[in-house]
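For the protein sequence lines, the chains are D and R, in the order given. Under the numbering used here, think of the first position of the first sequence as 200, with each following residue one higher. Under the numbering used here, think of the first position of the second sequence as 200, with each following residue one higher. Even glycine gets a Cβ: it sits at the ideal position worked out from N, Cα and C.
2 protein chains.
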Amino acid sequence: MPNTAAPRIHLGPGHQTTLADGIARGGGVLASLADAEAVVWAQGPDTFPERLPDTVRWVQLPSAGIEPWLAAGLVDDRRTWTSAAGAYAGNVAEHAVLLLLAGVRGLTEQVRAVSWRKAEFDPRVGTLQGATVAIVGCGGIGRAMIPLLTAFGAEVLAVTRSGTPVPGAAETLPATRTDEVWSRADHFVIAAPATAETAQLVDADTLARMKPTAWVVNIARGTLIDTGALVDALRDHTIGGAALDVTDPEPLPTGHPLWTLPNALITPHIANPATGLPRTLAEHVAANVERFAAGQPLLAVIDPVRGY
Amino acid sequence: MPNTAAPRIHLGPGHQTTLADGIARGGGVLASLADAEAVVWAQGPDTFPERLPDTVRWVQLPSAGIEPWLAAGLVDDRRTWTSAAGAYAGNVAEHAVLLLLAGVRGLTEQVRAVSWRKAEFDPRVGTLQGATVAIVGCGGIGRAMIPLLTAFGAEVLAVTRSGTPVPGAAETLPATRTDEVWSRADHFVIAAPATAETAQLVDADTLARMKPTAWVVNIARGTLIDTGALVDALRDHTIGGAALDVTDPEPLPTGHPLWTLPNALITPHIANPATGLPRTLAEHVAANVERFAAGQPLLAVIDPVRGY
């Protein structure tokens with residue numbers, strides 16, 4: 200007789216050790232599709248089964264963005280579907296804090312130096328202690344940053360669509376008041392989704408309102424910053440600098456000034472490295488299998504009407 | 200009549216706005232030496248008053264190390280003397296965490312790149328999540344690092360002289376068991392004082408026991424690492440890399456291989472930047488003036504017998 204407490208999970212396509220371990224950690228057992236209560240899917244929609252047995256009550260998808268799944272018409276209302284939304288937030292938050300710290304403490308020039316330039320670099324070393332950091336678009340990644348930034352003694356000024364207070368932030372503003380943050384905060388982390396409203400959110404006008412020591416970190420989408428205006432601000436030293444994991448255009452072309460400006464730091468869209476995905480996804484799967492077994496609400500349930 | 204609740208503090212030599220602000224924040228008022236209950240001194244012993252009035256019950260010195268003051272015979276037993284020990288720990292801890300994060304996430308090569316090398320860099324991005332970080336010599340700086348590292352999801356393995364459990368560390372080992380950490384921890388922060396016992400603590404033998412992904416951070420003294428053995432390990436990729444704020448020799452000579460090895464990151468002894476000293480010292484002074492006014496034990500009281 201099967202152990203009724205251990206949910207039977209179909210893992211596909213094929214076997215992935217890291218995900219299988221995650222299912223086991225969550226208390227699940229691997230099963231064939233015909234015998235499964237749930238499906239954990241490790242790839243895109245192309246190879247997804249055309250028809251799921253009615254016994255499958257839950258499907259875990261592998262990505263945070265689920266547009267291709269919705270477009271393929273696969274997400275039905277006969278079972279619960281979950282995405283990987285939020286699973287990767289911790290890793291991106293870690294990278295964003297690294298970029299901010301590296302900027303504020305002048306690491307870019309230090310790493311590029313090939314001689315001991317202490318007298319030159321020492322006066323440029325800043326600190327996050329006592330700094331106000333605005334997180335513009337404070338969703339899952341921003342929320343994961345707050346305990347990190349506050350551990351360093353920084354205060355967080357959160358901007359969200361609704362303005363509902365974000366736990367741990369010193370203050371939360373609704374998106375309609377975004378304009379206020381540029382002159383108020385010491386540094387900025389851009390973490391908003393790319394929409395028509397957020398395109399070139401950081402432009403010549405907003406850059407002009409920032410403090411001359413302000414660092415701008417972008418871990419969202421390159422299009423949220425007007426690259427030309429940013430290069431001007433960096434060349435004129437009207438802000439402290441910019442640390443960008445995403446760029447516009449992306450990939451950033453060889454020879455672009457952002458590669459060599461002393462106050463610019465580029466990482467090639469690796470805040471959420473592909474190599475980390477299986478492990479991170481496996482942790483998310485383990486948590487959801489455990490919740491499924493206990494009959495608790497699952498993480499990152501998809502609402503097909505809202506589209507995420 | 201003077202406000203008996205506000206301690207009268209002599210600030211010397213001369214007036215320093217940042218320190219005067221710190222005294223005011225702590226609830227003190229500035230006074231002439233003849234009228235003072237306490238002295239806050241902003242420079243070295245050369246210009247210190249030859250004789251202090253008996254009414255001076257406390258002297259705050261500006262540095263963490265007080266060897267010159269002891270050598271000059273100024274530290275007497277007629278009053279309390281305090282140093283700035285611990286005041287700078289937060290700033291050094293911030294830098295040490297930055298160096299470790301930069302190493303683990305591959306930032307060194309990313310910052311030096313002048314083209315979009317995503318496919319090459321992506322697989323080398325690590326994380327502090329779930330990592331075990333050994334802090335070898337877990338004093339004030341190490342203790343200030345623990346809440347930072349644990350916020351990132353790392354566990355701390357502390358090594359102290361006594362082995363008395365360090366709050367927040369997953370485990371504390373006495374210095375006599377230091378040998379155990381090299382194969383156990385994922386990464387290492389060297390934060391021990393430079394003594395005969397700690398000279399070349401990290402040598403060819405200890406490097407050989409580290410994991411191939413291990414990063415070594417040194418924010419203590421360059422002599423704690425055998426530089427030649429470290430260069431060999433970095434060239435052979437037997438460890439992940441090294442991020443050093445202190446070097447041996449120091450300053451590191453131009454042309455030294457550590458300047459250009461892809462897995463080495465040098466910052467020129469700026470973890471505790473000179474420019475940050477007045478502000479950091481002012482915070483320490485404010486805290487001590489407040490304690491003095493309240494009759495509470497002061498921070499960093501000097502024991503002339505122990506010499507610190």
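Any beta carbon of chain D sitting closer than 8 Å to that of residue i?
{"i": "Ala473 of chain R", "result": "yes"}
{"i": "Gln242 of chain R", "result": "no"}
{"i": "Arg316 of chain R", "result": "yes"}
{"i": "Ile469 of chain R", "result": "yes"}
{"i": "Ala230 of chain R", "result": "no"}
{"i": "Val313 of chain R", "result": "yes"}
{"i": "Ala350 of chain R", "result": "yes"}
{"i": "Phe320 of chain R", "result": "yes"}
Quick check: is the beta carbon of residue i nearer than 8 Å to any beta carbon in chain R?
{"i": "Phe491 of chain D", "result": "no"}
{"i": "Thr412 of chain D", "result": "no"}
{"i": "Thr466 of chain D", "result": "yes"}
{"i": "Gly211 of chain D", "result": "no"}
So for residue i, helix, strand or coil by DSSP?
{"i": "Ala492 of chain R", "result": "helix"}
{"i": "Val415 of chain R", "result": "strand"}
{"i": "Glu370 of chain R", "result": "strand"}
{"i": "His455 of chain D", "result": "coil"}
{"i": "Gln259 of chain R", "result": "strand"}
{"i": "Thr216 of chain R", "result": "helix"}
{"i": "Ala204 of chain R", "result": "coil"}
{"i": "His209 of chain R", "result": "strand"}
{"i": "Ile465 of chain D", "result": "strand"}
{"i": "Ala393 of chain R", "result": "coil"}
{"i": "Val445 of chain D", "result": "coil"}
{"i": "Ile424 of chain R", "result": "strand"}
{"i": "Gly226 of chain R", "result": "coil"}
{"i": "Val380 of chain D", "result": "helix"}
{"i": "Gly243 of chain R", "result": "coil"}
{"i": "Val274 of chain D", "result": "coil"}
{"i": "Val324 of chain D", "result": "coil"}
{"i": "Val365 of chain D", "result": "coil"}
{"i": "Gly440 of chain D", "result": "strand"}
{"i": "Val504 of chain D", "result": "coil"}
{"i": "Pro472 of chain R", "result": "coil"}
{"i": "Leu480 of chain R", "result": "helix"}
{"i": "Gly285 of chain D", "result": "coil"}
Along the chain, where does the alpha helix (DSSP H) containing residue i start, and where does it finish?
{"i": "Ile340 of chain R", "result": "339-350"}
{"i": "Trp280 of chain D", "result": "First-last for Trp280 of chain D: 279-281, but that is the beta strand (DSSP E), not the alpha helix (DSSP H)."}
{"i": "Trp268 of chain R", "result": "266-270"}
{"i": "Ser314 of chain R", "result": "Taken as a continuous stretch (DSSP letters only), Ser314 of chain R belongs to no alpha helix (DSSP H), as it is neither H nor E."}
{"i": "Arg408 of chain D", "result": "403-408"}
Over the uninterrupted beta strand (DSSP E) stretch that includes residue i, give me the two end residues.
{"i": "Trp240 of chain R", "result": "237-240"}
{"i": "Glu354 of chain D", "result": "354-359"}
{"i": "Val388 of chain R", "result": "386-389"}
{"i": "Val335 of chain R", "result": "331-335"}
{"i": "Gly305 of chain D", "result": "No beta strand (DSSP E) contains Gly305 of chain D, which DSSP labels as neither H nor E."}
Does residue i come within less than 8 Å of chain B when only Cβ atoms are used?
{"i": "Ile418 of chain D", "result": "Checking the listed chains, one finds no chain B in this structure; the protein chains it contains are D and R."}
For the putative contact between residue i and residue j, defined by C-beta atoms under 8 Å, what is the C-beta separation to the nearest angstrom?
{"i": "Thr331 of chain D", "j": "Val358 of chain D", "result": "No, Thr331 of chain D and Val358 of chain D are not in contact; Cβ-Cβ is about 13 Å, not under 8 Å."}
{"i": "Gly285 of chain D", "j": "Val488 of chain D", "result": "Actually they do not touch by this definition, with Cβ atoms about 16 Å apart."}
{"i": "His388 of chain R", "j": "Leu443 of chain R", "result": "One detail in the question is off: residue 388 of chain R reads as Val in this sequence, not His. Their Cβ separation, rounded to whole angstroms, is 11 Å, which puts Val388 of chain R and Leu443 of chain R out of contact at 8 Å."}
{"i": "Ala368 of chain R", "j": "Ile345 of chain R", "result": "6 Å"}
{"i": "Leu232 of chain D", "j": "His209 of chain D", "result": "5 Å"}
{"i": "Trp240 of chain D", "j": "Pro261 of chain D", "result": "6 Å"}
{"i": "Glu370 of chain R", "j": "Leu356 of chain R", "result": "5 Å"}
{"i": "Ile469 of chain R", "j": "Val445 of chain R", "result": "Wrong, their Cβ atoms sit about 10 Å apart, outside the cutoff."}
At a cut-off of 7 Å, is residue i close to the ligand HEM when judged by its beta-carbon and the heavy atoms of the ligand?
{"i": "Leu400 of chain D", "result": "As presented, the structure is devoid of all ligands, the ligand HEM included, so that no description of it is given."}
Pull out every residue of the segment 284-311 of chain D whose Cβ sits closer than 7 Å to any Cβ of chain R, in chain order.
Gly289, Asn290, Glu293, His294, Leu297, Leu300, Ala301, Arg304, Leu306, Thr307, Gln309, Val310, Arg311
Can you list, in chain order, the residues of the segment 257-268 of chain D whose Cβ is nearer than 9 Å to any Cβ on chain R?
none
Can you pull out the residues from the segment 322-346 of chain R whose beta carbon lies closer than 7 Å to at least one beta carbon of chain D?
Pro322, Val324, Thr326, Leu327, Gln328, Pro346
Chain-ordered residues of the segment 433-463 of chain D with a beta carbon less than 7 Å from chain R
Pro450, Leu451, Thr453, Trp458, Thr459
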